[in-house]
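Here's the structure, in structure tokens; my notes come after.
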Amino acid sequence: MKNLSSGQIRQMFLDFFQEKGHTIEPSASLIPVEDPTLLWINSGVATMKKYFDGSVVPKNPRMTSSQKSIRTNDIENVGKTPRHHTLFEMLGNFSVGDYFKKEAITWAFELLTSPKWFGWDKEKLYMTVYPKDTDAKKFWEEVGVAPDHIIEMEDNFWDIGQGPSGPDSEIFYDRGADFDNLAADDPENYPGGENDRWLEVWNIVFSQFNHTPQDTYEPLPRKNIDTGMGLERVVSIFQHARTNFETDLFLPMIRETEKLSDGKKYNANKHDDVAFRIIADHARAITVAIGDGALPSNVGRGYVIRRLIRRAIVNGQRLGINEAFLYKLAPVVGQTLESYYPEVLKQKDYIAKVIRSEEDRFNETLADGMKLLHQVITDAKQNSQTVIDGPTAFKLYDTYGFPVELTQEEAGEVGLTVDHKGFEAEMDKQKQRARDARSGAKSMGVQRDLLLEVKDHSEYVGYDTLEVDHASIEEIIENEKLVNQSKGGTVEVIFDKTPFYAEMGGQVADRGVVLDEEGDKVADVVDVQHAPNGQNLHTLKTQEPLIKGNKYHLVVDRLFHSRVEKNHTATHLLDQSLRNVLGGHTQQAGSLVEPNYLRFDFNHFGQVTDEDLEKVENMVNRQIFNETNVDTVVTDPKTGKKMGAIALFSEKYGDKVRVVSIGDFSVEFCGGTHVKNTRDIGLFKIVSESGVGAGIRRIEAVTSKDAFKLLNDRNKELNQIASSLKVNQIKDVPTRVTQVQDEIKELQQKQQSLEAKLAGQQAQNVFNDKKQAGDKTIITGIIKDAGMDQLRQLADTWRSKKLSDVLVLGTGSGQKANLIVAVADDKVKAGIKAGDLIKSIAGNIKGGGGGRPNMAQAGGKDPAGLDKAMNAAVDWLTNK
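Taking numbering that gives the first Met the number 0, the leading residue of the sequence shown gets 0, the next gets one more, and so forth.
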């Protein structure tokens, strides 16, 4: 076996398929672009959807990649098994309507067994095939695989619902008898079973059917190949590692964690090994994900990041690490991936800052969670319970980051167990909520083949002119058919040349009209998109029939186009200004350029302060007022990068690119249209800044006429406010507003004081009315014109004077009601809990609540039920 590093193995795979005519596609960001069906990029094919469903025709139908991916459906098994990971790399080769089974199988066998490449012993390889796929079995035999090494498996059929599907063939490597973890007669002890000996290293999917919306399987017009080889698994074979974790992809993080731990060593203790593996895996995942723009939060991708960080911290504590440490692993992760992902190491300081901030926050949360866990255990013991229920265990896990195993360990020390089934039920509910949130969109579309073979030349000339004479219609699509003459209504048309910009990169498509050669309008251009082979596909609302081959005059709406141009150039200025003010870590995460406003999404850790927003806005306007030229050159990507052009991670660039330079302030790859000089923008004004997702901020802004209108409207509003406040000049408004706020605060204080006095007077009568409830005493009462603050103050007075065993007070007005329950400390020890009582009576006011054992409160919307609540409280206490 060759001695190869992970970087060498990755490169060998890519080089092999490049020799077979494949284009090496760079790894896309982990954050999906315009794909609501995915939380993360989770496979190599996830980035190829547009090619497989036919919406885009690739320049080369043969592609190969090493794609970083994240899967979160089995996080709880990470660290416990040899091969589960959150972040992994998927090596793959893809064919879109080009080669098929014979070539895919022949090349796979060559890569794995040829001495020039992997050089594995063919006797150690086993293949599974779909029973009805006789071709795959035949091709494996033809390349030299023994029949007894080919196993038929009924589940070897790849199908994700609507879209391309087909049989697949999996390749397994026999690691030898040393890896046997099952009895010889175990039904799973075979290649393809659940065991440690036969390791699945590659899956080749033969996409040959369309799974239609009608749930039928129709032959694909273009058959495809989609393969996936887990890099981590292959590296474990080359490096003779018992698990994926004993490889150069994970050991550096494990060794660094050993240094940080309290004398712990990997491979010394099974319990500790799990912790080391979890930390190494999670450090890798969060480092790469944060580098791609994901940030910790309570939703979506951010929730996954937060969960991984918390799980790693808890496992660090198991190793005796009781301070922030995870951030120290970010540079180590960067070093392990530097050969193919140099950007991770370049961002190590920013990534470490994000992780450290989250660690510090969680260490505080962890302390609170530990208090809650101990309280739960104490309550369980006092109530003679032997089990911590599933919802409580899940709350500890979900809110405080406690793995259920940690809850079990802590509970086990005092003889308690955890309801694992109940915990799993809560976990399933959460997973279903996540699935439901993404269920509205399809994963991969059914192929639309109508335009795949349409390869007519179509030239976009809109960079230079907004009108074209004698544009010939090359194709007309009406009712999903190519026709020579349209009947009318809405049709799609390809012209041989066009001035209409097709929507791309966030810039909306041009609008305009189509005229006949006499100058009469025959159609409105309402949208322009790119056809699969790159032509500009115009959606027209026709007034007259259109005829293929006829010549037409195309006219772009100049005002619409000009306003879009202004906003597009402004997004470039905004992008660079954000980098200058907030830091180089900011990346564009999406944009929309309309004629009347622009929207710009970007990655950023934390909120953007008003001071920073002002700096950004001033920086953009400074470039506008400097009247800077906007220059565009067409070159190759390599030269463009040497010019300092910023490339979007989500974009794929061809052999030729347009580089847009705004003086020496901004240089970007961009295929959009722009003003000639920044003075054409006129003015830039930020309308709003907000968070729209985990680590994603959004700025909406306007330029030119819309910016002037915004400022003018705000000036009118200020004049109206000045008039209402009875000040003569706008500049006096802030001072007057401060005065009014002070007056309101003073009145509120007076009101609270009066309410407290009134509540105190009413309380004297209430406190004197003590009732007997069985062998306990209770005071109940409804206080008029009071708030929760007054009720809490009265409860404090009651407690200090020890007036009864239990106190229940209520107040209400309009459609709002409140209750408070207080229980004497000695009665709490006897099992009387304020939280239990408040839950039993809150329904009377159509509300709910909770709290501590000695104090609880509730809110509702039915004050009429307060009397019933008081009576119910007496009954409840009587029966305790």
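No residue lacks a Cβ here, since even glycine has one placed at the ideal position from N, Cα and C.
First and last residue of the uninterrupted alpha helix (DSSP H) at P390: As a first step, residue 390 must be located in the sequence shown, where it is residue number 391. Looking at the DSSP string, the run of the alpha helix (DSSP H) that includes P390 is 389-399.
When we look at the beta-carbon of F624 and count the other beta-carbons within 10 Å, is it buried (16 or more) or exposed?
-> Looking up residue 624 in the sequence shown gives position 625. F624 comes out exposed.
Neighbourhood of G892 by C-beta, 8 Å cutoff - its chain only, sequence neighbours within 5 removed:
Missing from the structure shown is residue 892; the chain here goes from 0 to 879 and no further.
Q.
Is the beta carbon of K19 closer than 8 Å to that of W106?
A. Within the sequence shown, numbered from 1, the residue matching residue 106 stands at position 107. Within the sequence shown, numbered from 1, the residue matching residue 19 stands at position 20. In contact: W106 and K19 (Cβ atoms closer than 8 Å).
**Study point:** Residue interval of the alpha helix (DSSP H) (run including T335)
**Key:** As a first step, residue 335 is located in the sequence shown; it is residue number 336 there, counting from the start. Run containing T335: 329-336, per the alpha helix (DSSP H) assignment.
**Residue burial classification, A379 (beta-carbon count within 10 angstroms, cutoff 16)** = Taking the sequence shown and counting its residues from 1, one reaches residue 379 at position 380. Per the 10 Å Cβ criterion, buried.
Note to self: Quick check: what's the CA-CA separation for Y125 versus D173?
What the structure shows: Your numbering for residue 125 matches position 126 in the sequence shown. Your numbering for residue 173 matches position 174 in the sequence shown. Cα to Cα, the separation comes out at about 8 Å.
By the DSSP assignment, the alpha helix (DSSP H) with Q528 in it spans what residues?
Translated into positions along the sequence shown, residue 528 becomes position 529. Run containing Q528: none in the alpha helix (DSSP H); it sits in the beta strand (DSSP E), 520-529.
query: Which value, in whole angstroms, describes the spacing of the CA atoms of I289 and V353?
result: Your numbering for residue 289 matches position 290 in the sequence shown. Your numbering for residue 353 matches position 354 in the sequence shown. Looking at the two C-alpha atoms, the distance is approximately 8 Å.
Using the three-state DSSP reduction, which class does Q575 fall into: helix, strand or coil? For this step, residue 575 is matched to residue 576 along the sequence shown. Per DSSP, reduced to three states, the secondary structure at Q575 is helical.
task: For the region 580-612, list the beta strand (DSSP E) runs that are entirely contained and at least 3 residues long, ordered along the chain.
output: 587-592, 597-602
Problem - Candidates K730, G690, L682, Q728, of which the one nearest L709 by Cα - result: Along the sequence shown, one-based indexing puts residue 709 at 710. Ranked by Cα distance from L709, the first of K730, G690, L682, Q728 is L682.
Quick check on this structure: which residue in A644, V513, I472 has the alpha carbon closest to the alpha carbon of V632? Stepping through the sequence shown from its first residue, residue 632 is reached at position 633. Of the listed residues, the one whose Cα sits closest to V632 is A644.
Where the beta strand (DSSP E) containing V490 begins and where it ends
Looking up residue 490 in the sequence shown gives position 491. Note, V490: beta strand (DSSP E), 488-494.
Check your understanding: Below 8 Å, can you find three or more Cβ-Cβ pairs linking the region 497-509 to the region 456-470?
Key -> yes
According to the Cβ coordinates, are R9 and Y340 closer than 8 Å? Translated into positions along the sequence shown, residue 9 becomes position 10. Translated into positions along the sequence shown, residue 340 becomes position 341. Not a contact, by the Cβ cut-off of 8 Å.
Report task. Take I150 as the anchor and find which of G315, V732, S168, S356 has the nearest alpha-carbon. Result -> Start at 1 with the first residue of the sequence shown, and residue 150 comes out as number 151. It is S168.
Cutoff 8 Å; reference V287; Cβ partners in own chain excluding five residues on either side: The residue you call residue 287 lines up with position 288 of the sequence shown. The residues are L29, K67, L86, V332, L336, Y340, V343.
- Helix, strand or coil: how does DSSP classify N92 here? Residue numbering aside, residue 92 sits at position 93 when the sequence shown is read from its first letter. Strand at N92.
Notebook entry, point to check: Which residues share a DSSP beta bridge with H210?
Noted result: Locating residue 210 in the sequence shown gives position 211, counting from the first residue. DSSP, once it has assigned bridges, lists G162, Y216 as partnering H210.
Q. Taking the alpha helix (DSSP H) that S839 falls in, what are its first and last residues?
A. Here residue 839 refers to the residue found at position 840 of the sequence shown. Run containing S839: 833-840, per the alpha helix (DSSP H) assignment.
Note to self: Taking a contact to mean a Cβ-Cβ separation below 8 Å, would you say G511 touches L558 in this structure?
What the structure shows: The residue given as residue 511 occupies position 512 in the sequence shown. The residue given as residue 558 occupies position 559 in the sequence shown. No, the pair does not count as a contact, with Cβ atoms beyond the cut-off.
ask   = Between F16 and the rest of its own chain, which residues show a CB-CB distance below 6 Å, the 5 nearest in sequence each way excluded?
value = Position 17 of the sequence shown, counted from the first residue, corresponds to residue 16. Only T63, N92 meet the Cβ criterion.
Exercise for review: Could you spell out where the alpha helix (DSSP H) holding L111 opens and where it closes?
Suggested key: Within the sequence shown, the letter at position 112 stands for residue 111. For L111, the enclosing alpha helix (DSSP H) begins and ends at 100-112.
Next on the checklist: With distance defined between alpha-carbon atoms, name the residue in D97, L536, Y265 nearest to I476.
Outcome noted: By one-based count along the sequence shown, residue 476 stands at place 477. It is L536 whose Cα lies nearest to the Cα of I476.
Same chain, Cβ closer than 8 Å to R851, neighbours up to 5 away in sequence not counted
Taking the sequence shown and counting its residues from 1, one reaches residue 851 at position 852. A833, G834.
Exercise for review: Provide the residue span of the beta strand (DSSP E) that contains L481, from first to last.
Suggested key: Taking the first residue of the sequence shown as 1, we reach residue 481 at position 482. 480-482 is the extent of the beta strand (DSSP E) around L481.
State the DSSP-derived secondary structure class of E458, mapped to helix, strand or coil. Within the sequence shown, the letter at position 459 stands for residue 458. Looking at E458 - three-state DSSP - the assignment turns out to be strand.
Thinking just about the alpha-carbon of each residue, which of D515, E423, G487 is nearest to the one in D468? On the sequence shown, residue 468 is found 469 positions in, with the first residue counted as 1. Checking every option, the nearest Cα to that of D468 belongs to D515.
**Request:** Assign T672 to one of three DSSP states: helix, strand, or coil.
**Result:** Locating residue 672 in the sequence shown gives position 673, counting from the first residue. In the three-state reduction of the DSSP assignment, T672 falls in the coil class.
#### Entry: D705: first and last residue of the uninterrupted alpha helix (DSSP H) it sits in
Position 706 of the sequence shown, counted from the first residue, corresponds to residue 705. Segment 703-723, the alpha helix (DSSP H) holding D705.
- Message: Rounded to the nearest angstrom, what separates M885 and G671 at their Cα positions?
- Response: This structure gives no information on residue 885, because the portion of the chain shown stretches from 0 to 879.
Practice prompt. Could you tell me which residues DSSP puts in a beta bridge with I170?
Written response: Against the sequence shown, residue 170 aligns to sequence position 171. BP columns for I170 point to M126, W201.
Local Cβ density within 10 Å of V739, reported as buried at 16 or more and exposed below that
Residue mapping note: residue 739 aligns to position 740 of the sequence shown, counting from 1. Within 10 angstroms of the beta-carbon of V739 lie fewer than 16 other beta-carbons, which makes it exposed.
Given L865, which residues of its chain have a CB within under 7 Å of its CB, disregarding the five upstream and five downstream residues?
-> Here residue 865 refers to the residue found at position 866 of the sequence shown. Here the set comprises I781, G809, G811, A816, I844.
task = Look up W157 in the DSSP assignment and say whether it is helix, strand or coil.
result = Taking the first residue of the sequence shown as 1, we reach residue 157 at position 158. If DSSP states are grouped into helix, strand and coil, W157 belongs with the strands.
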